[in-house]
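Colleague: Shown below is the structure under consideration.
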Amino acid sequence: MTAPQRVSYRMESTLDSVNKAEEMADQAATQVGFDEDTRGGISMAVREGMINAVLHGNAYDPAKRVNLTFEQSGRELIVTIADEGKGFLPDEVPDPLAPENLLKQSGRGIFLMRTFMDEVRFRKLNSGTEITLIKRLQNSDSALDRQEAST
Amino acid sequence: MSMKASTRQIDGVTIVDLSGRITLGEGSVVLRDTVKDLLGKGQKKILLNLGDVSYIDSSGIGELVSAFTSVRNQGGELKLLHLTKKVHDLLQITKLYTVFDVKDDEAAAIGAFTK
């Protein structure tokens, strides 16, 4: 088993940061050994978390930053995204699958995070919101396990 | 990667060939502006060809929904063509697959618009 690895970034509140975070998520998920489909889901969840932080949290404020952390521990990946915005309560976001909300333009980000990750936690900070995304490696979605099984 | 949109006309239907990513920022704006421009010209039968769209995020989904409702509110029709597996799965997950009229064949899609 590899030793836990933790790496943190302090990102600007820009679209470029959203795109970079998505790429970094794919790299981190590759290192843990997730297969392509699972990596796609993880990258999308991180992208949505970053959009939440940059757009809804920090509102593109150049003075505010997003703290992004990737933690690989054994067979799981933990991603933490913390903004410096007003903060929000995820329970106040309407269910995007309810018939009356299906044609709304926004409100699907948190749902997508929950769809693709095993665990999604929200924590209100003194200033801002912290989202923790956790994905655990199952035998069925491990590219490494499949590689080892075939050798 | 940015998104490109080009349009062509067949039998009164405007086909919008999209390629790239429909995501927050440029991709969503290109789609929004293209549909707005078409509606402004009175072209209300729109077929969005998503065959070369590799990725859509929540903002892109929102833009597709917005395009659908804008066209419908003006008495037009908007259909989707050639979904990739990723986009297909995403529309299934978000329960939008049955909201949109999704087609696999261009000629059949064109024929499905109200005459």
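As they're listed, the protein sequences go chains A and B. Numbering-wise (the numbering used here), the first sequence opens with residue 69 and increments by one. Numbering-wise (the numbering used here), the second sequence opens with residue 4 and increments by one. No residue lacks a Cβ here, since even glycine has one placed at the ideal position from N, Cα and C. Remember, it's a predicted structure, so these values are computed and weren't measured experimentally.
(1) Measuring alpha carbon to alpha carbon, tell me which of A:Asp151, A:Asn169, A:Arg176 and A:Ala121 ends up nearest Leu93 of chain B.
(2) State the start and end residues of the unbroken beta strand (DSSP E) segment that holds Gln12 of chain B.
(3) Look up Arg191 of chain A in the DSSP assignment and say whether it is helix, strand or coil.
(4) To the nearest angstrom, how far is the alpha carbon of Thr106 of chain A from that of Asn120 of chain A?
(5) Use the C-beta contact count for Gly196 of chain A: other C-beta atoms within 10 angstroms, 16 or more gives buried, fewer gives exposed.
(6) I need the straight-line Cα distance from Val114 of chain A to Met181 of chain A, nearest angstrom please.
(7) Taking 7 Å as the cut-off, decide whether the C-beta atoms of Leu205 of chain A and Arg143 of chain A are in contact.
(8) Looking at the strands, I want to know which residues DSSP matches up with Leu145 of chain A.
(9) DSSP three-state label for Ser85 of chain A, please.
(10) Specify whether the region 49-67 of chain B and the region 14-31 of chain B touch according to this definition: at least 3 beta carbon pairs, one from each stretch, less than 8 Å apart.
(11) Could you name the residues of the same chain whose beta carbon sits closer than 6 Å to that of Gly109 of chain A, not counting the 5 residues immediately before and after it, in chain order?
(12) With 7 Å set as the bound, which would you pick, yes or no: does the beta-carbon of Gln99 of chain A sit closer than that to a beta-carbon of chain B?
(13) Out of A:Ile199, A:Lys203 and A:Gly101, point me to the one whose CA is closest to Glu152 of chain A's CA.
(14) Specify the secondary structure class of Ala111 of chain B as computed by DSSP and reduced to three states.
(15) So Gln73 of chain A is in the beta strand (DSSP E); what residue range does that whole segment cover?
(16) Quick check on Gly28 of chain B: does DSSP put it in helix, strand or coil?
(17) Taking only runs of the alpha helix (DSSP H) that begin and end inside the region 38-80 of chain B, which ones reach a length of at least 4 residues, in chain order?
(18) Please report the distance separating the alpha-carbon of Val134 of chain A from that of Tyr128 of chain A.
Modeller: With the given structure in hand:
(1) As a working note, residue 93 of chain B is residue 90 in the second sequence. Cα-wise, what sits closest to Leu93 of chain B is A:Arg176.
(2) The sequence position of residue 12 of chain B within the second sequence is 9, counting from 1. Taken as a continuous stretch (DSSP letters only), the beta strand (DSSP E) holding Gln12 of chain B covers Lys7 to Ile13.
(3) Along the first sequence, one-based indexing puts residue 191 of chain A at 123. Residue state, collapsed to three classes: strand.
(4) Position 38 of the first sequence, counted from the first residue, corresponds to residue 106 of chain A. Position 52 of the first sequence, counted from the first residue, corresponds to residue 120 of chain A. One C-alpha to the other measures close to 21 Å.
(5) Position 128 of the first sequence, counted from the start, is the residue given in the question as residue 196 of chain A. Gly196 of chain A is buried by the Cβ-count criterion.
(6) If you number the first sequence from 1, residue 114 of chain A lands on position 46. If you number the first sequence from 1, residue 181 of chain A lands on position 113. Whole-angstrom Cα-Cα distance: 7 Å.
(7) Along the first sequence, one-based indexing puts residue 205 of chain A at 137. Along the first sequence, one-based indexing puts residue 143 of chain A at 75. The answer is yes: Cβ separation under 7 Å.
(8) Locating residue 145 of chain A in the first sequence gives position 77, counting from the first residue. For Leu145 of chain A, the beta-bridge partners assigned by DSSP are A:Gln140 and A:Lys203.
(9) Working through the first sequence from its first residue, we reach residue 85 of chain A at position 17. The answer is helix: DSSP assigns Ser85 of chain A an H, G or I state.
(10) Yes, the region 49-67 of chain B is in contact with the region 14-31 of chain B.
(11) As a first step, residue 109 of chain A must be located in the first sequence, where it is residue number 41. Phe184.
(12) Counted from its first residue, the first sequence places residue 99 of chain A at position 31. No - not a single Cβ of chain B is within 7 Å of the one on Gln99 of chain A.
(13) As a first step, residue 152 of chain A must be located in the first sequence, where it is residue number 84. When only C-alpha atoms are compared, the closest one is A:Ile199.
(14) Against the second sequence, residue 111 of chain B aligns to sequence position 108. Ala111 of chain B falls in the helix class under three-state DSSP.
(15) As a working mapping, residue 73 of chain A is identified with position 5 in the first sequence. Taken as a continuous stretch (DSSP letters only), the beta strand (DSSP E) holding Gln73 of chain A covers Gln73 to Glu80.
(16) Mapped onto the second sequence, residue 28 of chain B falls at position 25. In the structure shown, Gly28 of chain B falls within a coil segment according to DSSP collapsed to helix, strand and coil.
(17) Those alpha helix (DSSP H) runs which fall completely within the region 38-80 of chain B and span 4+ residues are 61-76.
(18) Working through the first sequence from its first residue, we reach residue 134 of chain A at position 66. Working through the first sequence from its first residue, we reach residue 128 of chain A at position 60. Cα-Cα distance, rounded: 10 Å.
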